[in-house]
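Residue numbers (this note's numbering): 1331 to 1974.
We put the CB at the ideal spot given by N, CA and C, even for glycine.
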C-alpha cells in the first residue's frame, strides 16, 4: 500500500479516547440530573407534607384564639418557671413535640395577669398547678405580686389540684380559695440540699480526678474527691436552708392567714396526725386551714358558674389558658410611669425613654465565633449588650439567673457591660433565683445591684478539674509512651496522668483567675481586696446575707430594678424592651392548640420521667466539665429552690 494512502487511512481513523471522554461527560451529566431530580422530588414532598400538616392543624385547631365573654382564665404552669423561654427552632418543636421546652415564662404570666385584671371578659382566675415540678421563692413572689393586682381588681382566684406538692401549694396559697379532691394529698417536703458523691466508685474504677480550686468553700469539686459533704460547706449551707425554709413557711402562713407555727406543726407531727385519728389526708389539710373545701374538679366549675349566676342567665362559662390569652394581647409594650423625682430627690429630666432588659439565664459557656479572636457567650448577652449601644437605649437592666460558668465567657460579658457604661448608659443588675460565681462576676461592675432576700449569690471562687485514666488503662495493659520535645512539656494527657509541673501550672491558672475575680469585685463594689477575700473563698450567700456584706446595694425585685434604672437615667416614663424575647410563629400556636387531643402519659409515668431526666442532667452536667477550663461556677446553687 502506498505511503500516502496509509497515512490518509490513519488520519481518517477517529481517536480511541473520544468515546471514553464522551461517556464520562454523559455520566457526569446523568449524575447531576439525578441529584437535581432527587432534590426536586424531595422539596416537593416536603412542601406537600407541610401543606397537609397546615390543613390538618386548621381542621382540628378550631377557630382563632379569642377571649369569650364570661371567661375564666386558667393558669396551669409547666414543670419549670423561667425568666425567658429557650430559643428553640419551631420546626424542632414541631417534630419533637410542643413540650420540648416544658417551661413557663414568668414575665409572660405577669403580663397576662395584669392585662386580664382590666379585661371585663375575664370573670375569675383558676390556678391548676398539677404539672409544676419546682419553683423558686423569687419567681413565686413575682407571680404573687401580679396575682394580688388581679385580686384587687375584684376578681376571685381559685386554686384546685388533686394532689398538692410543696411548690404547687406555694403557688396556690395566693388564691382566695384553695380546693382539693377529698381523696387527694397535701405534703410539705421542706427544703434539702443534697448531692451524689462519687469518690468510692471512682476509686474502684481507678479513675483519678485532679481538682484545682481557689476558695475553701468552692464545693463543685467535692463530689469527686469526697464521699460526703465537707463540714465547712455544710456549715455554710445550714443558715441558707434555714432562711429559705423559714421564708417558705412564712409565705404560706401569710397568704392563708394562719398562725406562725401552723406549717411547722403540720410537717413535724404529720405521722402522729395520721396514726390515731385514721383521718384522710384531705380532712387533715382542711382542719389545719390549708384547704377551704374538698370537692371535685367538675364541682368547682359548677360552683364558679353559680357564683356568677350564669345558669340563671342561660349563659355558659368559657375558659382560656394564660398562654393562649398572652397571644391575644395585641399591644405587648410594657409602658410604665416613673415617679416625678429620683430616689435622691433630684428632678427627672427626660419625658420618655427605653429600658432594655437583657436576661442571662443558665450556665455561661463560650466558644469561638466566625472570627477566631471573638468569644461568643452561650447566653447571647454580649450580642444583646452591643445591640443596646447601637439602639441608644436609656438604661439596661441585666436580669441574672445563672450559677456562672466559664471564666472567659463571664469576663467577655463583664467587659461588654463596661462598654455600655462608657456610653453613659446606666446598668442595673436584677438578681433572680441564682446569681452566683460567674453570675456574680458579670454583675460586679454594674451601677446598682438588686437581689431578692432569697437569691443565691456570692460563690466568689474558681476551680478546674481533670479526670485521668492512667491506672484504669494500666490495669488492662494499656500504657502511654513516646518521645517529647523537652522535660517541661505541658500536654495534659488524660491517658498518662499529670506531671508535677502540669499540676502546678493548672493550680497557678486557677489562682490567677481567683485574683482577677477579687480584683473585679474590689473595683466594682469599691471594697478593699482583703475585705472581698473575707466574703469570697467560694462561699455562697442569700440576698439578705449579701446585703449585709456589701455584695449588693439593696433588696428588690424585677420591678424595683426597673424603677432604679429609670431614676438613674432620669426618665419620667419608659418602655421596657425585653431583648431575646422569643415570639412563637402563628402556626406554632395553632399546633400547640391542636396537640390538646394528643394522648398524654399518666401522672405516675410523668414523675418517673422527671426523676430519670433529673438524674441524667446531673450526670451530664458533670461530664460537661471541660479539662483545662477554669470555671467560676456554683454548680449546685440552682438546687436551692422548692422542688418535689
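Between the C-alpha atoms of residue i and residue j, what's the straight-line distance to the nearest angstrom?
{"i": "residue 1762", "j": "residue 1853", "result": "23 Å"}
{"i": "residue 1962", "j": "residue 1626", "result": "50 Å"}
{"i": "residue 1730", "j": "residue 1357", "result": "60 Å"}
{"i": "residue 1451", "j": "residue 1464", "result": "31 Å"}
{"i": "residue 1557", "j": "residue 1530", "result": "7 Å"}
{"i": "residue 1815", "j": "residue 1742", "result": "35 Å"}
{"i": "residue 1904", "j": "residue 1755", "result": "14 Å"}
{"i": "residue 1414", "j": "residue 1843", "result": "30 Å"}
{"i": "residue 1400", "j": "residue 1628", "result": "17 Å"}
{"i": "residue 1810", "j": "residue 1891", "result": "56 Å"}
{"i": "residue 1680", "j": "residue 1708", "result": "35 Å"}
{"i": "residue 1632", "j": "residue 1467", "result": "33 Å"}
{"i": "residue 1479", "j": "residue 1620", "result": "22 Å"}
{"i": "residue 1525", "j": "residue 1661", "result": "45 Å"}
{"i": "residue 1522", "j": "residue 1591", "result": "20 Å"}
{"i": "residue 1791", "j": "residue 1657", "result": "43 Å"}
{"i": "residue 1494", "j": "residue 1454", "result": "21 Å"}
{"i": "residue 1461", "j": "residue 1782", "result": "26 Å"}
{"i": "residue 1794", "j": "residue 1368", "result": "50 Å"}
{"i": "residue 1440", "j": "residue 1409", "result": "17 Å"}
{"i": "residue 1411", "j": "residue 1744", "result": "26 Å"}
{"i": "residue 1939", "j": "residue 1737", "result": "Only weak support is given to the placement of residue 1939: the predicted model assigns it a pLDDT of 46, under 50, and the question is left unresolved by the model."}
{"i": "residue 1906", "j": "residue 1827", "result": "53 Å"}
Could you have a look at residue i and say whether DSSP puts it in helix, strand or coil?
{"i": "residue 1857", "result": "coil"}
{"i": "residue 1443", "result": "helix"}
{"i": "residue 1462", "result": "coil"}
{"i": "residue 1619", "result": "coil"}
{"i": "residue 1357", "result": "helix"}
{"i": "residue 1960", "result": "coil"}
{"i": "residue 1681", "result": "strand"}
{"i": "residue 1938", "result": "Caution applies to residue 1938, whose pLDDT of 46 falls short of 50 and renders its modelled position unreliable; the value that the coordinates give is listed next. Helix at residue 1938."}
{"i": "residue 1397", "result": "coil"}
{"i": "residue 1408", "result": "coil"}
{"i": "residue 1527", "result": "coil"}
{"i": "residue 1331", "result": "Low confidence applies here, because residue 1331 scores a pLDDT of 49, under 50, leaving its location unreliable and the question unanswered by this model."}
{"i": "residue 1435", "result": "strand"}
{"i": "residue 1805", "result": "helix"}
{"i": "residue 1688", "result": "strand"}
{"i": "residue 1889", "result": "helix"}
{"i": "residue 1647", "result": "coil"}
{"i": "residue 1372", "result": "helix"}
{"i": "residue 1377", "result": "helix"}
{"i": "residue 1279", "result": "Absent from the model: residue 1279. The displayed extent of the chain is 1331 to 1974, so no value can be given."}
{"i": "residue 1635", "result": "helix"}
{"i": "residue 1454", "result": "strand"}
{"i": "residue 1481", "result": "helix"}
{"i": "residue 1732", "result": "strand"}
Give the DSSP bridge partners of residue i, in chain order.
{"i": "residue 1664", "result": "1906"}
{"i": "residue 1656", "result": "In DSSP, residue 1656 forms no bridge with anything."}
{"i": "residue 1366", "result": "The partner list for residue 1366 (beta bridge, DSSP) is empty, contrary to what the question assumes."}
{"i": "residue 1797", "result": "1539"}
{"i": "residue 1766", "result": "1788"}
{"i": "residue 1727", "result": "1687 and 1758"}
{"i": "residue 1779", "result": "1759"}
{"i": "residue 1624", "result": "1510"}
{"i": "residue 1493", "result": "1515"}
{"i": "residue 1503", "result": "Answer is none; residue 1503 lacks a bridge partner."}
{"i": "residue 1901", "result": "1680"}
{"i": "residue 1402", "result": "1454 and 1649"}
Quick check: is any heavy atom of the ligand MG less than 6 Å from the C-beta of residue i?
{"i": "residue 1589", "result": "Judged by which ligands are present, the structure shown has none, so any question about the ligand MG falls away."}
Requested in this report: Within the stretch 1535-1615, note down every full beta strand (DSSP E) run reaching 3 residues or more, in order along the chain.
Outcome: 1538-1544
Query raised in the report: Fully enclosed by the stretch 1810-1883, which alpha helix (DSSP H) runs are 4 residues long or longer?
Result: 1830-1855, 1859-1865 and 1873-1878
Query raised in the report: Just checking, does the stretch 1541-1553 make contact with the stretch 1831-1841 on the three C-beta pairs under 8 Å criterion?
Result: yes
**Report entry** the stretch 1432-1446 / the stretch 1375-1384 touching (three or more Cβ pairs under 8 Å)
**Finding:** no
Report task. Give a yes or no on contact between the stretch 1366-1378 and the stretch 1392-1408, applying the rule of three or more CB pairs nearer than 8 Å. Result -> no
Report task. Would you check if there are 3 or more beta carbon pairs closer than 8 Å linking the stretch 1771-1785 to the stretch 1726-1744? Result -> yes
Query - the stretch 1866-1875 / the stretch 1561-1571 touching (three or more Cβ pairs under 8 Å) - result: yes
Query raised in the report: Do the stretch 1445-1460 and the stretch 1473-1493 touch if we need at least three Cβ pairs shorter than 8 Å?
Result: yes
Report task. Could you tell me whether the stretch 1500-1510 touches the stretch 1580-1597, using the rule of 3 or more Cβ pairs below 8 Å? Result -> yes
Query raised in the report: Three or more C-beta pairs closer than 8 Å, one from the stretch 1792-1805 and one from the stretch 1893-1910: is that the case here?
Result: no
**Report entry** the stretch 1503-1517 contacting the stretch 1611-1625, beta-carbon criterion three pairs below 8 Å
**Finding:** yes
Query raised in the report: When the Cβ atoms of the stretch 1681-1696 are set against those of the stretch 1732-1739, are three or more pairs found closer than 8 Å?
Result: yes
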